[in-house]
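Single-structure report; data block below.
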Amino acid sequence: MMNIGDKAIDFTLEDKDGNKVSLSDFRGKKVVLYFYPKDNTPGCTKQACNFRDNYPHFVEKGAVVIGISKDGLKSHTNFASKHELPFILLSDPDIEVIQKYGIWKEKKMYGKTFLGVVRTTFLIDEEGTIVDIMDGKRLKASTNAEDILNGDFLK
């Protein structure tokens with residue numbers, strides 16, 4: 157798992173349009189990097205729509221919003237189109253970046269245990285340093301964007 161104070165691990169993944177996007181492309185800007193389990197599921201849709209609804213505030217403050225899941229490009233294209241998502245969605249089908257960030261973990265649902273993405277948001281400063289990590293009880297999908305905007309990260 158990445159920790160506050162660590163340099164964010166650089167990566168290159170494809171966006172919904174097949175363009176290669178690297179974290180290092182955004183050096184000099186604040187980055188909200190959020191990992192979510194699956195397109196078009198209730199919690200992930202709430203989280204994405206919360207970022208969509210607050211996206212102008214992130215742009216105004218010069219911050220970049222990037223969402224990553226293991227879903228493929230077609231799924232991301234449909235998800236972004238259906239919900240009019242204006243920010244970057246990246247596909248990590250081989251879960252390489254997800255594993256590097258330490259959020260591929262054992263989960264339990266309906267009495268079953270499985271491996272999956274633990275919803276986590278990393279706040280990365282202009283130098284590429286992780287300054288905050290939101291997960292578990294600190295991360296509510298329906299208010300994730302608002303909670304970031306109300307905190308100190310973008311001040």
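Quick note: to get my numbering, add 156 to the position in the sequence shown (first position is 1). We put the CB at the ideal spot given by N, CA and C, even for glycine.
Going by other Cβ atoms of all chains shown within 10 Å of its Cβ, with 16 needed for buried, is residue i buried or exposed?
i, result
"ASN206", "buried"
"SER237", "exposed"
"VAL187", "buried"
"ASN300", "buried"
"LYS185", "exposed"
"TYR192", "buried"
"TYR266", "exposed"
"ILE160", "exposed"
"LYS172", "buried"
Whose C-beta lies closer than 7 Å to the C-beta of residue i among residues of the same chain, with five residues either side of it excluded?
i, result
"ASP227", "LYS194, ASP195 and SER247"
"GLY174", "LEU229"
"PRO281", "It should be pointed out that residue 281 corresponds to Asp in this sequence rather than to Pro. Contacts found: LYS186 and VAL287."
Which one or two residues does DSSP pair with residue i in a beta bridge?
i, result
"LEU295", "LEU295 is not bridged to any residue."
"GLY258", "DSSP, once it has assigned bridges, lists no residue as partnering GLY258."
"PHE270", "LYS263"
"THR285", "LYS163"
"ASP171", "LEU246"
"PHE235", "Answer is none; PHE235 lacks a bridge partner."
"ILE280", "VAL187 and ILE286"
Give me, in chain order, the residues of the same chain whose beta-carbon lies closer than 8 Å to that of residue i; leave out the 5 immediate sequence neighbours on both sides.
i, result
"LYS263", "THR269, PHE270, LEU271, GLY272 and VAL274"
"ARG208", "HIS239, GLU240, LEU241, PRO242 and PHE243"
"GLU252", "PHE167"
"ILE165", "MET158, LEU179, VAL253, LYS256 and TYR257"
"ASP162", "THR285 and ILE286"
"LYS296", "ASP303"
Within a Cβ cutoff of 6 Å, which residues of the same chain sit near residue i, ignoring the five residues on either side of it in sequence?
i, result
"PHE235", "ASP195 and ASN196"
"PHE214", "VAL221"
"PHE278", "LEU189, ILE286 and ILE289"
"ASN261", "Here the sequence assigns Lys to residue 261, which means Asn is not the residue at that position. Contacts found: VAL274."
- Message: For the structure I just gave you, are there three or more beta carbon pairs, one from the stretch 210-229 and one from the stretch 237-257, closer than 8 Å?
- Response: Yes, the stretch 210-229 touches the stretch 237-257.
- Sequence ranges, beta strand (DSSP E) only - wholly within the stretch 175-228, length at least 3: DSSP runs (the beta strand (DSSP E)) wholly in the stretch 175-228: 176-178, 186-191 and 219-225.
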